[in-house]
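Add 591 to the 1-based position in the sequence shown for my numbering, that's all there is to it.
Glycine residues also receive a C-beta, built at the ideal position from the N, C-alpha and C atoms.
Computed from a predicted structure; not experimentally measured.
Notes follow the structure.
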Amino acid sequence: MNYLLITISVASAIFVSASLYFRPPSDKKQHSEAITDPKNNAQQAVKNSKNTNIVSLKHPVFTTTKPKKIEFISTDTKKLKSKNTEQHKLIVHLEEQNKRLNQENKIAKQHAKNQDKYIAGLINKETQLELAKQSLKNSDVHKIKSLIEAQPDLITTNIKKQPDPQQKNKKGIASNPTSPKTKVPSNWDNLTGLVAFGFDYDQDNTVTNGVNGRFLLTYAKPLTYKLNSDYDFKYENIDHESTIHKSRWQLQIDRNLTPISTLFARTDLNRSHFASYEKEDIYSLGYGRTLINNSKHNLLIEIGPGYRASLPNIGEDAVVVDEAIGRLKLDYQYIASDALQLTFNSVTEIGRKNNIYTNDLQIQNKIYQKLFLALEFEYKYTENVPIDTLSDAYTSELKLLYAF
Numbered sequence: 592m593n594y595l596l597i598t599i600s601v602a603s604a605i606f607v608s609a610s611l612y613f614r615p616p617s618d619k620k621q622h623s624e625a626i627t628d629p630k631n632n633a634q635q636a637v638k639n640s641k642n643t644n645i646v647s648l649k650h651p652v653f654t655t656t657k658p659k660k661i662e663f664i665s666t667d668t669k670k671l672k673s674k675n676t677e678q679h680k681l682i683v684h685l686e687e688q689n690k691r692l693n694q695e696n697k698i699a700k701q702h703a704k705n706q707d708k709y710i711a712g713l714i715n716k717e718t719q720l721e722l723a724k725q726s727l728k729n730s731d732v733h734k735i736k737s738l739i740e741a742q743p744d745l746i747t748t749n750i751k752k753q754p755d756p757q758q759k760n761k762k763g764i765a766s767n768p769t770s771p772k773t774k775v776p777s778n779w780d781n782l783t784g785l786v787a788f789g790f791d792y793d794q795d796n797t798v799t800n801g802v803n804g805r806f807l808l809t810y811a812k813p814l815t816y817k818l819n820s821d822y823d824f825k826y827e828n829i830d831h832e833s834t835i836h837k838s839r840w841q842l843q844i845d846r847n848l849t850p851i852s853t854l855f856a857r858t859d860l861n862r863s864h865f866a867s868y869e870k871e872d873i874y875s876l877g878y879g880r881t882l883i884n885n886s887k888h889n890l891l892i893e894i895g896p897g898y899r900a901s902l903p904n905i906g907e908d909a910v911v912v913d914e915a916i917g918r919l920k921l922d923y924q925y926i927a928s929d930a931l932q933l934t935f936n937s938v939t940e941i942g943r944k945n946n947i948y949t950n951d952l953q954i955q956n957k958i959y960q961k962l963f964l965a966l967e968f969e970y971k972y973t974e975n976v977p978i979d980t981l982s983d984a985y986t987s988e989l990k991l992l993y994a995f
C-alpha cells in the first residue's frame, strides 16, 4: 500500500513538471519582464532570433513547414532577377538611342559638308565672274594660246602684252615703254604658218598617185579678225613630163562679233586635169558660230549663201551652168592628247541644178615639238556630172607638217 502511494506521487510530480516545461510563458509575465528589465528583454529577443531555426526544427509544430530564412532568400532572388531584367531593357533602350544619335550626327555632318561645298562654289563663282568682267580679253587670249600646240592648222603666235606706262616698279618709278629691255610686239608676231609635204593617192575618173604639198598662212588679231590663206597642190609625172594636175587655193577672212561668233567671206578655187570639172570657183559669205569649245572637243558651224562657177574638162559636155548656192560646213575637232588630234569636216553646197557633198577626215600626231605626221582621207560626191564621168572621188594623203 505504501509502495502504491509512492508510485502515484512520483507520477503526479513528473506530469506536473512536464506540463510546466512545455507550457509557453504567459503574455502577462513577458510584459512584466519587459517593463521591469529592458536589458534582459533585449538580450532575450536577440537570443530567440538566433535560435529560431533550432526551435522550429525541434518543435513538432514546425517540422512540416519551410524555415522563414529560406523564404526571405527566395524573395530577394526574384527581386534581383526582376531588377536585372529592367536594367537590361534600359541598357538596350539606351544603346538604340545611341545608335540613332550617331546616325543623326553623321547626317548632320554630311549636310554641313554639302553646305560648305555650296558656299565655296558660290564664292568661287563670284570670283570667276569678277575676274571675267575685269579681264575678258586676257582670258580669251589665254584660250587661244592653249590651242596652239593641239591645232597647228589654226596656230596663233604668243601675244605679248604691251607694258603699261603708268605701272610702277618696286622702287615706285614708272616703267618706260621705250626702254631697251622691253620688247614691243610687232605685227609679224600675229603671223603664223604651216608647211606640209607628202604622198597622195587619187581615184576619180583616173587613178593617179604622186606627191603633194601645202602652204598655209594665218594672220590674226584676237577678238578682231583673222585672215587665212591655204594653198594645196598635187604633183605627178605623166608620160615623163612633170605637171601639177590638181590644186586648190582657199582664202577666208573672219570678222569676230563675239568670242564665239563671226562673220566670214571666203573664196575657194579648184583646178584639176582629171576630175569631172577642170575649174570650180566658189564664192560665199555667211555666219559662223562655235557650238562647243573645251579642252577635248571643238565644234564649229558655218552657214551662208554663195555662188559657183563650173567649167567641165575639154571634150566633155557642160551639164551645169553657173548658179547661186547655199553652203553649210561642220568642223569638228577631237583633241585626244597633246600629241594626237582628229579633225572631221563636212561641207554641203546645194544649188538648183547641182549639189556637192564633201567629207574630210584627218588624223594628226605630233612627232617632235612642231613636227607632225598627218593621215588624211577625203570623199567628194558631185550629183550632176558630165557624160561618161564619175560622181565619186576619193583621195588619201600621208604627209609631214611643220608649224612655225
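Limits of the unbroken beta strand (DSSP E) element including residue i
| i | result |
| --- | --- |
| Ile978 | Note, Ile978: premise wrong, no beta strand (DSSP E); not H, not E. |
| Asp872 | 868 to 884 |
| Asn936 | 931 to 942 |
| Ser928 | Segment: none, Ser928 is in no beta strand (DSSP E) and carries neither H nor E. |
| Pro903 | 888 to 903 |
| Leu808 | 798 to 812 |
| Phe788 | 782 to 794 |
Counterpart residues of residue i in DSSP-defined beta bridges
| i | result |
| --- | --- |
| Trp840 | Tyr822, Leu860 |
| Thr949 | Val938, Lys971 |
| Tyr923 | Leu890, Phe935 |
| Arg918 | Gly895, Glu940 |
| Ser852 | Thr849, Arg880 |
| Phe963 | Lys957, Leu992 |
| Lys690 | For Lys690, which the question treats as bridged, DSSP gives no partner whatsoever. |
| Lys697 | Looking at the DSSP assignment, Lys697 forms no beta bridge with any residue, so it has no partner. |
| Lys817 | Ala811, Asp845 |
Of the residues the options, the one placed nearest residue i, counting alpha carbons only
| i | options | result |
| --- | --- | --- |
| Leu962 | Val802, Asp922, Ala994 | Ala994 |
| Ser901 | Ser886, Pro813, Arg862, Thr939 | Arg862 |
| Asn956 | Ser982, Phe968, Ser928, Asn936 | Ser928 |
| Asp859 | Tyr970, Trp840, Gly877 | Trp840 |
| Leu782 | Gln960, Leu814, Asn819 | Asn819 |
| Ile978 | Trp779, Gln688, Asn796, Glu717 | Asn796 |
| Lys887 | Tyr923, Lys716, Leu854 | Tyr923 |
| Lys812 | Ile844, Glu827, Val798 | Ile844 |
| Ile883 | Asp951, Pro850, Tyr868, Arg857 | Pro850 |
| Lys825 | Phe865, Tyr709, Leu854, Ser852 | Phe865 |
| Leu842 | Asp821, Ser852, Phe855 | Asp821 |
| Leu807 | Thr799, Phe790, Trp779, Val786 | Val786 |
| Ser937 | Asn675, Arg899, Lys971 | Lys971 |
| Lys944 | Gln719, Asp913, Thr934, Ser875 | Asp913 |
| Asn889 | Phe935, Tyr868, Glu871 | Phe935 |
| Val976 | Thr799, Lys870, Asn885, Leu685 | Lys870 |
| Gly917 | Arg899, Ile926, Val798 | Arg899 |
| Lys817 | His836, Arg857, Ile605, Gly801 | Arg857 |
Residue i, DSSP secondary structure in three states
| i | result |
| --- | --- |
| Lys957 | strand |
| Asp913 | coil |
| Phe606 | helix |
| Thr986 | strand |
Chain B within 8 Å of residue i, Cβ atoms only
| i | result |
| --- | --- |
| Thr881 | Looking for chain B here will not work: only one protein chain is present. |
Cβ-Cβ separation, residue j to residue i (assumed contact under 8 Å), whole Å
| i | j | result |
| --- | --- | --- |
| Asp823 | Arg805 | 5 Å |
| Leu991 | Phe788 | 6 Å |
| Asn803 | Glu969 | At roughly 12 Å, the Cβ-Cβ gap does not stay under 8 Å, so Asn803 and Glu969 are not in contact. |
| Gly877 | Pro903 | In fact, because the Cβ distance is near 28 Å, the residues do not count as touching under 8 Å. |
| Ala915 | Gly942 | 7 Å |
| Leu921 | Ile892 | 6 Å |
| Glu940 | Ile873 | 7 Å |
| Thr809 | Asn847 | Not confirmed; about 14 Å, so no contact. |
| Arg880 | Ser838 | Not quite, the Cβ-Cβ distance comes to about 30 Å (not below 8 Å), so this is no contact. |
| Ile894 | Leu919 | 5 Å |
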